[in-house]
Amino acid sequence: MISIFSFMPEHFNNNGDQGNIEVLSIELKAAKVEHAAIDKIEKADFIMFGDASRAAMRHYKSELEGYRPLVRERFSEGLATLLVGSSYEFFAKDLGLELRQVARKSEFVNGDYFGYRNTEYDLEPVTRNGLFVATSLYGPFLAKNPGYLSELLMGLGANPELKPERLMWIEKIREVSGG
Amino acid sequence: MLSFLAVSLGKSLRFLLRLVRRGGGSALPGLIASFLSPNLLRNALARLPEGVVLVSGSAGKSSTTNALVKLLEAHGLRVFTNPSTANIKQGLFSAVLKEGGLLGRIDYDIAVLEVDEGHGSALLKDLSPRLVVLTNVLSDQLDRFVDPDFVIGKLGKLAQAAKESIINAHDPNLRSLKLENIAGAVCLAKELEQSSDAPSYALRFDSPEQLDKCSVISGTSPMVVDVFGTAIELRDPNLPHALNTSLALLATSKLVKFDPEIAQAVVDAQPAVFARNELTEIEGKRVNLRLVQNPTSFQLNVDELTRANSPLMLMAGSDIHDPSWLWTVDFTSLGRVDIVSGSNAYDLALRLSYAGVEIGAVLTDLSEAKSSFLSLEGELPTILFSADSMRRLRRLTGLAK
Numbered sequence: 311m312i313s314i315f316s317f318m319p320e321h322f323n324n325n326g327d328q329g330n331i332e333v334l335s336i337e338l339k340a341a342k343v344e345h346a347a348i349d350k351i352e353k354a355d356f357i358m359f360g361d362a363s364r365a366a367m368r369h370y371k372s373e374l375e376g377y378r379p380l381v382r383e384r385f386s387e388g389l390a391t392l393l394v395g396s397s398y399e400f401f402a403k404d405l406g407l408e409l410r411q412v413a414r415k416s417e418f419v420n421g422d423y424f425g426y427r428n429t430e431y432d433l434e435p436v437t438r439n440g441l442f443v444a445t446s447l448y449g450p451f452l453a454k455n456p457g458y459l460s461e462l463l464m465g466l467g468a469n470p471e472l473k474p475e476r477l478m479w480i481e482k483i484r485e486v487s488g489g
Numbered sequence: 002m003l004s005f006l007a008v009s010l011g012k013s014l015r016f017l018l019r020l021v022r023r024g025g026g027s028a029l030p031g032l033i034a035s036f037l038s039p040n041l042l043r044n045a046l047a048r049l050p051e052g053v054v055l056v057s058g059s060a061g062k063s064s065t066t067n068a069l070v071k072l073l074e075a076h077g078l079r080v081f082t083n084p085s086t087a088n089i090k091q092g093l094f095s096a097v098l099k100e101g102g103l104l105g106r107i108d109y110d111i112a113v114l115e116v117d118e119g120h121g122s123a124l125l126k127d128l129s130p131r132l133v134v135l136t137n138v139l140s141d142q143l144d145r146f147v148d149p150d151f152v153i154g155k156l157g158k159l160a161q162a163a164k165e166s167i168i169n170a171h172d173p174n175l176r177s178l179k180l181e182n183i184a185g186a187v188c189l190a191k192e193l194e195q196s197s198d199a200p201s202y203a204l205r206f207d208s209p210e211q212l213d214k215c216s217v218i219s220g221t222s223p224m225v226v227d228v229f230g231t232a233i234e235l236r237d238p239n240l241p242h243a244l245n246t247s248l249a250l251l252a253t254s255k256l257v258k259f260d261p262e263i264a265q266a267v268v269d270a271q272p273a274v275f276a277r278n279e280l281t282e283i284e285g286k287r288v289n290l291r292l293v294q295n296p297t298s299f300q301l302n303v304d305e306l307t308r309a310n311s312p313l314m315l316m317a318g319s320d321i322h323d324p325s326w327l328w329t330v331d332f333t334s335l336g337r338v339d340i341v342s343g344s345n346a347y348d349l350a351l352r353l354s355y356a357g358v359e360i361g362a363v364l365t366d367l368s369e370a371k372s373s374f375l376s377l378e379g380e381l382p383t384i385l386f387s388a389d390s391m392r393r394l395r396r397l398t399g400l401a402k
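In order, the protein sequence lines correspond to chains A and B. Numbered according to the numbering used here, the first sequence spans residues 311 to 489. Numbered according to the numbering used here, the second sequence spans residues 2 to 402.
Below, the structure is given as structure tokens:
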């Protein structure tokens with residue numbers, strides 16, 4: 311049984327980030343792997359902190375502070391984790407990254423990974439160790455990055471069976487939006 | 002002299018653009034005129050004897066502006082306004098080009114302008130409003146505005162620049178502005194606040210104080226709003242519409258000698274706003290057109306569809322700059338979409354597919370999409386489109402005015 315934890319999904323869904331959970335769940339189901347959402351982060355096989363508004367980040371600040379040790383540990387061990395947008399920025403120092411403010415970048419990124427970023431911090435679009443991904447890319451990330459999605463599914467013990475038409479649409483999206 | 006040149010050039014360009022693109026030609030002439038004669042808008046508005054009223058917010062700007070214009074006209078004022086899709090600088094300049102004379106003068110009593118929630122405050126020098134009406138703050142267009150905090154700040158600046166403001170006090174984001182110039186505020190009676198139809202706004206975790214004085218919307222079938230002691234019935238059962246109409250009523254009562262009978266007649270006759278949900282005819286077929294501009298309106302429209310809305314075409318155009326927000330809409334109730342089109346068609350198709358929606362075809366070519374759609378049989382052919390797709394489809398089908 312694969313357990314999935316998403317931190318405050320109703321409030322950390324600024325750019326459809328909970329779609330990542332939807333995608334993971336659907337692909338695990340397609341691969342006939344049992345899975346369930348849980349509310350105990352310590353026991354989760356996959357955890358996600360989505361992008362949140364400034365109001366939500368202010369409200370949950372102390373709770374998020376408490377997760378720093380867990381995030382550091384998961385990063386160093388490369389465990390299946392997804393930090394998106396403001397959560398990436400919040401935990402950046404726990405990944406050994408310096409958070410420097412720069413002119414806002416609102417653009418599609420089309421390289422090893424694809425997505426749209428809207429950030430005023432000089433962070434790489436994706437910081438990764440094993441199955442741990444911290445990203446400024448919205449999309450949702452899993453839906454538009456089938457390479458990582460496949461690795462994630464395999465890491466969670468599933469044999470990925472991504473639908474060909476979805477892969478074709480992702481290629482078209484990269485052509486249309488990514489230049 | 003510069004104004005004359007700017008207006009002449011702008012008007013000519015507008016005329017030529019509309020010859021080749023029906024329904025289009027609004028932005029470019031305005032942009033050129035604003036470059037050649039930056040004071041054109043300011044000078045035109047400064048001559049209006051009753052001044053300038055601005056309507057802004059994340060949603061409901063068009064409905065509120067439309068209602069306010071109708072109410073003021075019914076009270077005898079000649080009202081200058083802008084089209085709902087022309088609510089940034091070049092659109093406002095274009096409105097002056099369209100309605101003004103060769104010297105850029107507009108012969109009206111008052112201006113009621115819808116302004117973009119992000120851009121409005123940057124135009125304050127030109128607009129000098131006497132009254133600002135604020136509808137709400139949603140978590141919307143994050144690729145443009147980054148965070149609702151930004152919109153709240155911009156709307157606050159806009160409202161503070163006016164002599165008076167009127168706000169939707171049901172929205173805690175607007176209450177949090179603590180405006181000192183509030184001349185009127187709309188709120189909901191307890192029974193309506195608890196209704197599932199009550200609008201939700203950009204998330205906050207605090208609870209800004211309620212206002213001491215508020216015009217309450219209460220009752221059902223019909224709802225009634227208390228306009229400074231006068232009850233006006235709101236026959237449209239939609240709660241967000243009721244809030245917008247009430248804002249317009251309060252604004253009217255601040256701008257003219259309010260006649261309840263005239264106001265009631267206008268509210269009763271209020272038509273649906275252009276293309277929000279419209280029945281029209283395309284190539285001999287009756288078609289339901291629905292404009293979707295943000296997660297809220299997309300969700301509302303999806304939820305309103307029944308089995309009768311078939312065949313179904315969804316179109317996501319280039320106005321959806323970052324299509325990520327499509328993932329915040331729950332499409333599962335649709336079951337099947339016959340055609341997916343628009344420049345963001347593949348993004349929309351991917352999202353629909355993961356929502357378990359069966360897709361007939363993804364056609365990015367508009368002409369092909371239209372032909373395929375119209376060839377399908379069904380009770381009520383229905384199109385949900387974003388603003389860019391709406392404009393393109395209207396031009397293609399001759400619906401553009």
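The beta-carbon is built from N, C-alpha and C at its ideal position, and this holds for glycine as well. These numbers come from a predicted model, not from an experiment.
Helix, strand or coil at residue i according to DSSP, with G and I counted as helix
{"i": "Val486/A", "result": "helix"}
{"i": "Arg308/B", "result": "coil"}
{"i": "Met464/A", "result": "helix"}
{"i": "Arg395/B", "result": "helix"}
{"i": "Ala276/B", "result": "Since pLDDT at Ala276/B reaches only 46, below the 50 mark, its modelled position is unreliable, and no value is offered."}
{"i": "Val147/B", "result": "coil"}
{"i": "Asn289/B", "result": "strand"}
{"i": "Glu373/A", "result": "helix"}
{"i": "Asp339/B", "result": "strand"}
{"i": "Glu380/B", "result": "coil"}
{"i": "Ala160/B", "result": "helix"}
{"i": "Ala340/A", "result": "helix"}
{"i": "Ile351/A", "result": "helix"}
{"i": "Ser390/B", "result": "helix"}
{"i": "Thr491/A", "result": "There is no way to answer for residue 491/A, as the model of chain A reaches only from 311 to 489."}
{"i": "Glu369/B", "result": "helix"}
Option in the options with minimal Cα separation from residue i
{"i": "Phe322/A", "options": "Ile314/A, Glu430/A, Ser363/A and Ala340/A", "result": "Ser363/A"}
{"i": "Leu251/B", "options": "Met224/B, Gly230/B and Ala47/B", "result": "Gly230/B"}
{"i": "Leu256/B", "options": "Ala47/B, Gly52/B and Ser35/B", "result": "Gly52/B"}
{"i": "Glu434/A", "options": "Val381/A, Ser446/A and Lys353/A", "result": "Ser446/A"}
{"i": "Val54/B", "options": "Ser129/B, Leu156/B and Pro149/B", "result": "Ser129/B"}
{"i": "Asp432/A", "options": "Met311/A, Gly326/A, Glu399/A and Glu344/A", "result": "Glu399/A"}
{"i": "Glu373/A", "options": "Lys403/A, Asn325/A, Phe317/A and Gly467/A", "result": "Phe317/A"}
{"i": "His120/B", "options": "Ser334/B, Ser298/B and Leu93/B", "result": "Leu93/B"}
{"i": "Leu459/A", "options": "Asn325/A, Lys403/A, Ala341/A and Asp361/A", "result": "Ala341/A"}
Limits of the unbroken beta strand (DSSP E) element including residue i
{"i": "Phe401/A", "result": "Where Phe401/A is concerned, there is no enclosing beta strand (DSSP E), although the alpha helix (DSSP H) it sits in stretches over Ser396 to Phe401."}
{"i": "Asn44/B", "result": "It is not in any beta strand (DSSP E) - Asn44/B instead sits in the alpha helix (DSSP H) that spans Leu41 to Ala47."}
{"i": "Gly361/B", "result": "Glu359 to Val363"}
{"i": "Val56/B", "result": "Val53 to Ser57"}
{"i": "Leu284/B", "result": "As written in the sequence, residue 284/B is Glu, which differs from the Leu given in the question. Looking at the DSSP string, Glu284/B is not in any beta strand (DSSP E), and its letter there is neither H nor E."}
{"i": "Gly388/A", "result": "Unbroken run through Gly388/A: none, as it is neither H nor E."}
{"i": "Glu100/B", "result": "First-last for Glu100/B: Lys90 to Glu100, but that is the alpha helix (DSSP H), not the beta strand (DSSP E)."}
{"i": "Ser166/B", "result": "Glu165 to Asn169"}
{"i": "Ala112/B", "result": "Ile111 to Glu115"}
Where the alpha helix (DSSP H) through residue i begins and ends
{"i": "Asn245/B", "result": "Leu240 to Leu256"}
{"i": "Tyr423/A", "result": "Counting along the chain, Tyr423/A falls outside any alpha helix (DSSP H), and DSSP gives it neither H nor E."}
{"i": "Glu210/B", "result": "That residue, Glu210/B, is in no alpha helix (DSSP H); it is neither H nor E in DSSP."}
{"i": "Ser316/A", "result": "No alpha helix (DSSP H) contains Ser316/A, which is instead part of the beta strand (DSSP E) from Ile312 to Ser316."}
{"i": "Thr66/B", "result": "Lys62 to Ala75"}
{"i": "His345/A", "result": "Where His345/A is concerned, there is no enclosing alpha helix (DSSP H), although the beta strand (DSSP E) it sits in stretches over His345 to Ala347."}
{"i": "Phe451/A", "result": "Phe451 to Lys454"}
{"i": "Val267/B", "result": "Pro261 to Asp269"}
{"i": "Arg352/B", "result": "Ala346 to Tyr355"}
field: Residues in the segment 30–41 of chain B having any Cβ partner in chain A nearer than 8 Å
entry: none
message: By the 8 Å beta-carbon criterion, what residues does the segment 174–206 of chain B contribute toward chain A?
response: Ala203, Leu204, Arg205 and Phe206
- request: Below 7 Å between beta carbons is the criterion; list the residues of the segment 141–168 of chain B that meet it against any residue of chain A, in chain order.
  value: Leu143, Asp144, Val147, Asp148, Pro149 and Asp150
- prompt: For the segment 450–461 of chain A, which residues have a beta carbon sitting closer than 7 Å to at least one beta carbon of chain B?
  reply: Pro450 and Ala453
Contacting positions in the segment 315–349 of chain A - beta carbon closer than 7 Å to chain B: His321, Asn323, Asn324, Asn325, Gly326, Gly329, Glu332, Val333 and Ile336
task: Anything in the segment 312–326 of chain B with a Cβ closer than 9 Å to a Cβ of chain A? List those residues in chain order, please.
output: His322, Asp323, Pro324, Ser325 and Trp326
message: For the segment 426–450 of chain A, list every residue whose C-beta sits within 7 Å of some C-beta in chain B, in sequence order.
response: Tyr426, Asn428, Tyr448, Gly449 and Pro450
message: I'd like the ranges of any alpha helix (DSSP H) spanning at least 4 consecutive residues and lying wholly in the segment 176–242 of chain B.
response: 191–194
query: Got a sec: which bits of the segment 328–346 of chain B sit with their beta carbon under 8 Å from any beta carbon on chain A, in order along the chain?
result: Trp328, Thr329, Ser344 and Asn345
- prompt: Going along the chain, which residues of the segment 348–361 of chain B sit with their C-beta nearer than 7 Å to a C-beta in chain A?
  reply: Asp348, Ala350, Leu351, Ser354 and Tyr355
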